[in-house]
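**Student:** In the order they appear, the protein sequences are chains A and B.
Note that our numbering gives residue 205 to position 195 of the first sequence, counting from 1, and the numbers run on in steps of one.
Note that our numbering gives residue 39 to position 11 of the second sequence, counting from 1, and the numbers run on in steps of one.
We put the beta carbon where it would ideally sit given N, CA and C, even for glycine.
Small disclaimer: the values here were computed from a predicted structure and weren't measured.
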Amino acid sequence: MAEPFSAFMARALFDPERGYYTRHIRTVGSRGDFSTSATLSPSLGHAIADWLKAESHLQPHVRHIIEIGAGDGSLMQTLRKSFGWWARRRFTFHIVETSPVLRQEQQKKLGGKFTWHTDLAAALASAQGHAFIYHNELLDAFPATLVQWNAAEQRWLEVWVPEQLHAHHLDPAHYSALRHTSFADRQRCELHVSVRDWLHQWTPHWKSGAMLTIDYGDAFPQLYHRRPHGTLRAYLLHQRLTGTDIYANPGRQDITADINFTDYTAWLQALGFAEVSQHTLAEFLHAH
Amino acid sequence: GTAFKCFVHRPQACA
Chain A
11 MAEPFSAFMA RALFDPERGY YTRHIRTVGS RGDFSTSATL SPSLGHAIAD
61 WLKAESHLQP HVRHIIEIGA GDGSLMQTLR KSFGWWARRR FTFHIVETSP
111 VLRQEQQKKL GGKFTWHTDL AAALASAQGH AFIYHNELLD AFPATLVQWN
161 AAEQRWLEVW VPEQLHAHHL DPAHYSALRH TSFADRQRCE LHVSVRDWLH
211 QWTPHWKSGA MLTIDYGDAF PQLYHRRPHG TLRAYLLHQR LTGTDIYANP
261 GRQDITADIN FTDYTAWLQA LGFAEVSQHT LAEFLHAH
Chain B
29 GTAFKCFVHR PQACA
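1. Please state if the CB of A:Arg-33 and the CB of A:Val-111 are separated by a distance shorter than 8 Å.
2. How many whole angstroms separate the CB atoms of A:Trp-61 and A:Leu-291, which I take to be in contact at a CB cut-off of 8 Å?
3. Which same chain residues end up closer than 8 Å to A:Ala-194 when comparing Cβ atoms and leaving out the 5 residues on each side of it in sequence?
4. In this structure, does DSSP put A:Ser-218 in helix, strand or coil?
5. According to DSSP, is A:Val-111 part of a helix, a strand, or is it coil?
6. Leaving aside the five residues before and after A:Trp-277 along the sequence, list all residues of the same chain whose C-beta is less than 8 Å from its C-beta, in chain order.
7. Which term fits A:Glu-163, buried or exposed, when burial requires 16 or more other beta carbons within 10 angstroms of its beta carbon?
8. Using the beta-carbon count (16 or more within 10 Å), is A:Glu-293 buried or exposed?
9. Would you call the stretch 227-235 of chain A and the stretch 172-181 of chain A touching, i.e. three or more CB-CB distances under 8 Å?
10. Helix, strand or coil: how does DSSP classify A:Ser-40 here?
11. Between A:Ser-92 and A:Gln-116, what straight-line distance do the alpha-carbon atoms span, to the nearest angstrom?
12. Ends of the alpha helix (DSSP H) at A:Ala-276?
13. For A:Ser-53 and A:Ser-136, I'd like the C-alpha separation in whole angstroms.
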């Protein structure tokens, strides 16, 4: 079956029966697939707790904290523990989790002091739109639209699976890569159309608070410097796979692409959300 | 360069 790469990635990661995140992810022990910054060190949880306290001083009416995509639950656990009893009582803690496997894992680890939701709009509804939101390594798992530059014809084509090139139907106004016309022939870029669509779904329900985004990426076009094949890769039992190996084990391996922060911030800006700070993770940990 | 980055956004009215 031929399909756009984004549809393949969506199935490989989130198919209800066979998706990597929905069914096959392992979270426990040394065989676990999670070895993110959150699980490796408690310092990120302490830093986010400190950031939340600072934000709470600026907007004391906000009493809800939402983590989107909470993995094995360790980040939320560290964060809540590092609050004193006063802050723990002050806030209601929410987790947005689409994966039933991870949700079960989180409930086992965290117990009854949290509220789970399957989408962010529902979590925001229960917070009346006033919430502090954070997510760590969430966006890089959103299905990416893959495009390839044709220098001779001076146009971008969309990559399908199995590999074929098709005309795309995207508006270049929304994607910096589609406005870039000086790449070498066959340069590949990933467009997070799915992230933009997702922002459009839930941001109308968000009235006040602040959102912390932590993810791996760069500004455009630096993101693609010396990366003619783009940033897409898969991880199978901690082994890194690129090229057509990404298509080999759908549902068994994680697939990820770096975030184009130029686009991400522009999308939020257009929706009425201002960027108030930008740091490397090291700077953020140092500041908090 | 490519790295983990932290962004904070706020609704315009709160920024």
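**Tutor:** Considering the structure as presented:
1. Walking along the first sequence from the start, residue 111 of chain A turns up at place 101. Walking along the first sequence from the start, residue 33 of chain A turns up at place 23. Against a cut-off of 8 Å, the Cβ pair of A:Arg-33 and A:Val-111 comes out as a contact.
2. Translated into positions along the first sequence, residue 61 of chain A becomes position 51. Translated into positions along the first sequence, residue 291 of chain A becomes position 281. Between A:Leu-291 and A:Trp-61 the Cβ distance is about 12 Å, and since that is not below 8 Å, they are no contact.
3. Residue 194 of chain A sits at position 184 when you count from the first residue of the first sequence. The residues are Trp-159, Ala-161, Pro-238.
4. For the purposes of this step, residue 218 of chain A is taken as residue 208 along the first sequence, with counting starting at 1. Reduced to three states, the DSSP call for A:Ser-218 is strand.
5. Along the first sequence, one-based indexing puts residue 111 of chain A at 101. A:Val-111 falls in the helix class under three-state DSSP.
6. Position 267 of the first sequence, counted from the first residue, corresponds to residue 277 of chain A. Within the same chain, A:Trp-277 has close Cβ partners His-184, Val-205, Arg-206, Leu-209.
7. Indexing the first sequence from 1 puts residue 163 of chain A at position 153. Exposed, since its Cβ has fewer than 16 Cβ neighbours within 10 Å.
8. Here residue 293 of chain A corresponds to residue number 283 of the first sequence, with the count starting at 1. Exposed, since its Cβ has fewer than 16 Cβ neighbours within 10 Å.
9. no
10. Taking the first sequence and counting its residues from 1, the one referred to as residue 40 of chain A is at position 30. Any reading at A:Ser-40 is ruled out, since the residue's pLDDT is 43, under 50, leaving its predicted position unreliable.
11. By one-based count along the first sequence, residue 92 of chain A stands at place 82. By one-based count along the first sequence, residue 116 of chain A stands at place 106. Near 18 Å, if we compare the C-alpha coordinates of A:Gln-116 and A:Ser-92.
12. Here residue 276 of chain A is taken as the residue at index 266 of the first sequence, counted from 1. Here the alpha helix (DSSP H) through A:Ala-276 covers 271-280.
13. Taking the first sequence and counting its residues from 1, one reaches residue 53 of chain A at position 43. Taking the first sequence and counting its residues from 1, one reaches residue 136 of chain A at position 126. Going from the Cα of A:Ser-53 to the Cα of A:Ser-136 covers about 29 Å.
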